[in-house]
Each structure stands twice: as structure tokens, then as C-alpha cells.
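J.: Would you mind keeping the following structure in view while I ask a few things?
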Amino acid sequence: MALTVLPQLDQISNGTPPLGFVASRESTTQDATEVLQTLYISGGAPGELKTANYHYRPYLALFAPIRTLPREVLSEIFAWAAPMSPPTAYGSKVDWARVEKRALRRLASVCSVWHQLIRSFPTLWREIEVDGRTFLGRGSASDRRSRRYFSTSVQLAREVQLDVRVQRANKSALEVVRPSLARCKHLHIATIQAPQDLAYFSSLAGDLPFLTSLRFATGDAATRNAAPDVLAWMEKAPELRDLSVASTLIGYVPFQGMHKLRNLTTSTHLEWVPAAVVPLATMPSCVAYTILFYPTLTPPEAGMGAESISIPPTISQVTALTIGVGNLHNEHTWEQARVVLQKILDALTLPSLQSLRFEKSESNNPALKPLPIPWPHTHFLNLYARSSFATHLTSLDLLGLDRDITIPQLEACLQILPALERLAIADPADANHRPLISSWLLSLLARTPLLVPALRALTLHTRLDFHDAILAKLVLSRSCAATQNGPFACHLRVLRGYWYREGMNVGLRRESFLQRAEVVALLGEGRLGFSWLSLES
């Protein structure tokens, strides 16, 4: 009698318990406790007591609140754990945790219910990673293991469109993913080093009907003597909108046949900077182009530095351009970046440009704080004059220039950009350097007549070295001027490390600012859109 609960426990352990058996966790706890009390009172046999105690905790755990969560809620929990963020760097060893989707498989091993649910949600398996190094020995243990994981993920994803990432790509890895290419929505292939592997992929890439984003990276050697149509297969991706390629490949991209392409990114090194700039001349105006320059890690040999490169004059009709610089860790990389930026701006004429952005790109050593991007002030003014920015440049993002631009230089730029509608600027995170976003600068933006009168969106990454009254005056003047074109938008992001200022927690300072009478009125009338993000140090 006392152990009548055990058959039910066996049933529970194999799946979700019958709804009629347990009304709630509380009643389950009471029932199980009564069973144990009955055993003790009746002096049950030692074997019965041991068995009951053994099942008691699992019995309660099987009815924990998480077991009653709907499938939809569990699917959201699993979906949060399933994505694989790109690693900061790939090491010398295979990252099997990513290849086998270890986080997801561990969740599936918690219990039979979770196992069944995870295998029944195809979207959890859409992200698949392959590492070419696992296929170097045909038929080896790592080869079989990697192929098994890939085929299992493809099978469990069913008909869902895939996100496939191939690292250290080689012919064997490309052979494995070939049958699934037509199902890819996102495809990441990096880095093909051998010319024959590049030619092989070009031959096997057939129709790609669902592909919307592609990152395709090759080493310098892979493109030597490449056929002119080595990237012609990209025209077989009619939905492709986002493309990232190395500058060694940019000249092969068939722009004219890629009618939905909207975003193109190329990463380049010193030798290939001209190759990254020249294609702008034939690029469709609808494509937003990003050039990411990475200086050499060691000082170049004499006569091989940035001064030696030559970029021919280039006229482009693109409407959006981003220039990024990464790996700015020491004096020679900063000097390379300074010269390269000057040469890029000197080579370009952009008569249709509407958006210009300077970006501090990722570093290959996240532990080191990067130096600021050098601001080529005179060269920007020359580009402005050649391109007539006064009539059509509506967005200027200077967040990457968090230290090298001064208030007088910024004011000089803003005075000649009357069409500017969106501006983004940043303070240096280092407290040893003077802030850009100060009461002085905010006063310049608030003065009458208005500097950049068309401004309707302002982003500030700030140390909060200004008086709130000046910021309130700024949003008041801008909100009144922007009424005809909708509310004035101001986004303020407090830099990490500046959570406490002027003896006040930033959160309290935010609330104090939002309670100012003029700010309350602007928000209530719908003339101001204001957001404040603070990151505690």
C-alpha cells in the first residue's frame, strides 16, 4: 500500500505526468510526505524505506514549476541558449563546443521531456558550424564525428532555412556543406586559402534561392590568377542583400546582376587599400558600402608603408559610406591609419553621399584598448568641397572619433553642413583626455540662429561632463525647430565607468532631468523623443 506511488513514478519519469494525477506541486509534496510517514509509522521493511526515500526527491522534482511551463515558453528559453555568437578569435584547436552545439545538446540531456522538445523545434538547429580542420584525415575519428554532427543538425532543422558557418574552409568541408547550400539563408565561409578550393566552391555553388546574407573570405594566395567569373555564382542568389568579402575579391563581385544587394563590406590591409576603393566607381547608388582597414601588426619595411600606396581619383554615386579602422594599438598602426584615411578621402568625390560614418572596428586583441581613429580634418573639408556635401549630406556618425576631433573642428564641420539631420558624437572613455561633449559644445548646438538647422536626431556617447540645464536648453531649441518634421530625437548613452557623477547616481540624474518642466512639456506634447542608457562600471 505504502509503495503504490512507485508505479506512478515510473510513468512520470518517462514523460509528462497525467494532468489528473497531480493538481499542483503543493498537493504532490503532501502526498509524497504522507507516503513516507505511513512507511515510518508502520515500520516498513528497510528495502521499502530505502526505495521510498530514493524516489522521494525525483518525485518532487518531476513536478517542479518548470515542468508545467507551456511548450511555447520552453521554446523561448531554448531559443535563447541555442544561438552561437561569433567567437572573438579562432584558436589553433577545433572548438568542438561550437561544432557539436554543446549548449543545446546539454539542455536536451536534462530529461526525456526536454530531449523530445528540443529535437522537435527545427529552428533551434538552423545554426550549424563546420571546421575544415576536422576533415583533414578522411575517415578519421574527427572526420566521422564532424560529419555526424552536421548531418544530425541538418536533419533536425527539417525544412527550416539554415545559417551555415564554415571555418578554415577547405575542399573537404565544402563537400560536406554542398547539399545544404540551397537551404541557406545565411552563409559564412572563411577563410579559403588555396586557389583550387576557391575554384571548387565556384563550381559547386548552384542556385541559392533563400540566401540573404553572405560573408565570403579568402586569403591573398587564393585569388592569384582567379578566373574573371570566380564570383559569378553570386548572381544565383536573387535575395542576397548583405555581402562581406575581402578586398582581394571585391573586384570580382558582379554588382550589375545583384539587384537586391544593399549592404557591402570589405576588409582590407595596406597593400589592398586601392582595390577596396576603386570599385566605388561602378557600385550602384543603392549599396551602402563599408571599408574596414586593418594596419599591419609590425612596422612595414622601408618604402612599403602607407605613403607608398596610390589610390586613383574615384567618383562614386553611393549614398552611404562607412570607413572603419581596427587594430589601433600602437604608434605605427595609428600612423598607418592616419595616412590611409587621408589618401582615401583625397581620392574620393561623392556627389550623392547622404550618410558618412567613421567606425572603430574590432581588434584581434580585445584585451588592449584601441587608440582613437585619427581625424583627417583638412582632407574632410576638401572632400566636402569637391562633393558639395552642403546640399545632400544628411547623416554624420563620428562615434569612432572619440578623442581626436576637437570642438573647434567639429564646429567648423557643422557650420558648412546645413542639410545635416542626424549627428552622432562621443567622448573619450579615458578620463585623462578632455571631453568633447561639454556644456560649451551643447551651448553651440542650442544657440540661435541654430547650427545645422535641419538637425532632428542627436546621439551622444558621453561622460556627462555638462550641466543638465544646458542639455535641457538644447532639446528645447531643437524640438521647437523640428516640429514640422516630427519630434526631435536625442539618445544619450553614458560611457562605462561614469555611473556616478557630481555625487549623484546616474539613474537619479536621469530621473531629475526627465522631471524638468520644459522636458516634461516637450515629451507630453510629442515634440521630443528622449532615451538614456547607462552602463554601470
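Quick note on numbering that gives the first Met the number 0: the sequence shown kicks off at 0 and runs consecutively. A virtual CB, placed ideally from N, CA and C, is assigned to each residue, including glycine. Keep in mind the model is a prediction, meaning the values are calculated, not measured.
Beta carbon of R214, beta carbon of S171: below 8 Å?
T.: no
J.: Kindly give me the distance between the Cβ atoms of F292 and A245, rounded to whole angstroms, as I take these residues to be in contact under 8 Å.
T.: The beta-carbon separation of F292 and A245, rounded to 12 Å, does not stay under the 8 Å limit for a contact.
J.: Taking the C-alpha atoms as reference points, what is the distance between L444 and S437?
T.: 11 Å
J.: Cutting at 7 Å between CB atoms, please list the residues of its own chain near W333, excluding the five before and the five after it.
T.: If the five residues before and after W333 are omitted, its C-beta is found closer than 7 Å to the C-beta atoms of L327, L370, P373, all from its own chain and listed in chain order.
J.: At what residues does the beta strand (DSSP E) containing C412 begin and finish?
T.: Looking at the DSSP string, C412 is not in any beta strand (DSSP E); the run it does join, the alpha helix (DSSP H), is 406-414.
J.: Buried or exposed: which applies to P431, given that a residue is buried once 16 or more other Cβ atoms fall within 10 Å of its Cβ?
T.: As written in the sequence, residue 431 is Asn, which differs from the Pro given in the question. It is exposed - the Cβ of N431 has fewer than 16 other Cβ atoms within 10 Å.
J.: Does K359 come out as helix, strand or coil in the three-state DSSP assignment?
T.: strand
J.: Within 10 Å of its beta-carbon, does M303 have 16 or more other beta-carbons around it, so buried, or fewer, so exposed?
T.: exposed
J.: Would P417 and A389 qualify as a contact pair, given that the criterion is a beta-carbon distance under 8 Å?
T.: yes
J.: Give the range of the beta strand (DSSP E) segment to which K184 is assigned.
T.: 183-191
J.: Which whole-angstrom value describes the C-beta separation of N224 and P194, a residue pair presumed to lie in contact below a C-beta threshold of 8 Å?
T.: Correct: roughly 7 Å between the Cβ atoms.
J.: Grouping DSSP H, G and I as helix and E and B as strand, with all else coil, what is Y148?
T.: helix
J.: Taking A305 as the reference, which of S284, Y383, H268 has the closest Cα?
T.: H268
J.: If you draw a straight line from the alpha carbon of W79 to that of F209, how long is it in whole angstroms?
T.: 24 Å
J.: How big is the Cα-Cα spacing for Y383 and I404?
T.: The straight-line gap from Cα to Cα measures roughly 17 Å.
J.: Could you check which residue in T247, F512, A520, R455 has the C-alpha nearest to that of T190?
T.: T247
J.: DSSP puts A488 in a beta bridge; with which residues?
T.: A456, G528
J.: Alpha carbon to alpha carbon, how far is L507 from L522? Give it in angstroms, no decimals.
T.: 19 Å
J.: For the putative contact between L203 and C183, defined by C-beta atoms under 8 Å, what is the C-beta separation to the nearest angstrom?
T.: Not a contact, Cβ separation roughly 13 Å.
J.: Look up A168 in the DSSP assignment and say whether it is helix, strand or coil.
T.: coil
J.: Taking the alpha carbon of A319 as the reference point, which residue from L347, R356, Q408, V338 has its own alpha carbon closest?
T.: The option with the nearest alpha carbon to A319 is R356.
J.: Give the single residue among E361, E358, L392, Q341 whose Cα lies nearest to the Cα of P375.
T.: Q341
J.: By DSSP, does E174 sit in helix, in strand, or in coil?
T.: helix
J.: Might you give, ordered along the chain, the residues of its own chain that have their beta carbon closer than 8 Å to the beta carbon of G250, omitting 5 neighbours on each side?
T.: A274, V277, P278
J.: Return the chain-ordered list of same chain residues with a C-beta closer than 6 Å to the C-beta of H490, the five sequence neighbours on each side being excluded.
T.: T458, S530
J.: Tell me where the beta strand (DSSP E) around A231 begins and ends.
T.: Per DSSP, A231 belongs to no beta strand (DSSP E) and is neither H nor E.
J.: Per DSSP, which residues does G323 bridge with? Please list them.
T.: L291, E358
J.: Per DSSP, what kind of secondary structure is I343 in: helix, strand or coil?
T.: helix
J.: Buried or exposed: N169, going by 16 or more other Cβ atoms within 10 Å of its Cβ?
T.: buried
J.: Would you say L475 and E410 are within 8 Å of each other, going by their C-beta atoms?
T.: no
J.: Sort D228, W271, E174, H258 by Cα distance to D219 and report the nearest one.
T.: Between D219 and the set D228, W271, E174, H258, the nearest pair of CA atoms involves W271.
J.: Taking C-alpha atoms, which residue in T289, L398, S266, A81 lies nearest to T537?
T.: Shown here, the chain extends from 0 to 536; a query on residue 537 therefore has no answer.
J.: Just the Cα atoms here: how many angstroms apart are R157 and R147?
T.: 16 Å
J.: Please identify the residue among P427, L463, D464, L470 whose C-alpha is closest to the C-alpha of R446.
T.: When each option's Cα is compared against that of R446, the closest is L470.
J.: Starting from D396, trace the beta strand (DSSP E) both ways and give me its first and last residue.
T.: Judged by DSSP secondary structure, D396 falls within the beta strand (DSSP E) whose first and last residues are 394-396.
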